[in-house]
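Engineer: Attaching a single structure in structure tokens format; questions to follow.
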Amino acid sequence: MTTNGNGLTQLEAVLFDLDGTLVDSTALILACYRHTMRTHLGTVPPDDAWLEGFGTPLEQQIARFARSPEEAAAMMATYRAYQQEHHDAAVRPFPGVPETLRALAARGLKLAVVTSKHKALALHGLEICGLGAWLPLCIAPEDVARPKPHPEPVERALACLGVPGDRALFVGDSPHDVAAGRAAGVRTAVALWGPFPRQAFANEPPDLWLGQPEDLLTLVDAAPVSS
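Next comes the structure, spelled out in structure tokens:
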């Protein structure tokens, strides 16, 4: 774990992105993307083209490739059908995530998910990965007018938890997560076990780098926790 010199004080809440942070679903997401592009475009752009928008809602992702609104709707249907078929067998929590969430909750911290995935699927993923018990609040695109990287989803989570921004940490895996957290006035941490390398954050550096989920416990134990 490394920092940019920004320690945490009086921490009350930890917010998490879902895909690539808590749940290892990158392989499934890229498989859905490739299947959708091959079906509708007859070719598959490089994976990096999809990863550029990783962390934003699927509708925004698809719109970057579709040639018409009608094609976008068809591509969405194809993507979701493939995702539905393969989701449960393909997603799993990252090693150390369940234990870390359990320990954070035991320390009295409020925990929540802030995701760009549709809410029903996000909640289902949390349940099949055995994480739902520690994450009672999930803010999804349906809950806000402006999804990440806009700060509104993070701000909505803070409001629901009753926690000010300076007493929260947002953990994500993409530059969009860092941008949303910073704009909402919370400290940010990047999960380096996700799909993005450190250099992807050159223009959007976080306050903290986490090499493994357990680093969060070291961080929390080194900071005073608000009662």
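Under our numbering, think of the first position of the sequence shown as 867, with each following residue one higher. For every residue, glycine included, the Cβ atom is placed at its ideal position computed from N, Cα and C. Computed from a predicted model, the values in this text were never measured in an experiment.
#1: Helix, strand or coil, according to DSSP, for Trp1075 in the structure here?
#2: For Ala1057 and Leu894, what's the separation of their Cα atoms in angstroms?
#3: Taking the alpha-carbon of Ala940 as reference, which of His906, Val910, Ala1066 has the nearest alpha-carbon?
#4: Could you compute how far the alpha carbon of Arg946 sits from the alpha carbon of Asp885?
#5: Note down, in chain order, each residue of its chain lying with its Cβ closer than 7 angstroms to the Cβ of Asp1039, except the 5 sequence neighbours on either side.
#6: Could you check where the alpha helix (DSSP H) with Arg1048 kicks off and where it finishes?
#7: Would Ala986 and Ile1005 qualify as a contact pair, given that the criterion is a beta-carbon distance under 9 angstroms?
#8: Does the separation of the CB atoms of Pro959 and Cys995 fall below 9 angstroms?
#9: Taking the DSSP output, what are the residues bridged to Phe1036?
#10: Quick check: what's the CA-CA separation for Glu1080 versus Val963?
Structural biologist: The structure says:
#1: Of the three classes helix, strand and coil, the one that applies to Trp1075 here is strand, per DSSP.
#2: Those two C-alpha atoms are separated by around 19 angstroms.
#3: Nearest to Ala940 by alpha-carbon distance, out of His906, Val910, Ala1066, is His906.
#4: About 16 angstroms.
#5: Correct list, in chain order: Asp883, Gly886, Thr887, Val1056, Ala1057, Gly1060, Pro1061, Phe1062.
#6: Going by DSSP, Arg1048 is part of the alpha helix (DSSP H) stretching over 1041-1049.
#7: One thing to note: Ala986 has its Cβ no nearer than 9 angstroms to the Cβ of Ile1005.
#8: Yes, Cβ-Cβ distance for Pro959 and Cys995 is below 9 angstroms.
#9: DSSP lists Leu881, Thr1054 as the bridge partner or partners of Phe1036.
#10: Looking at the two C-alpha atoms, the distance is approximately 8 angstroms.
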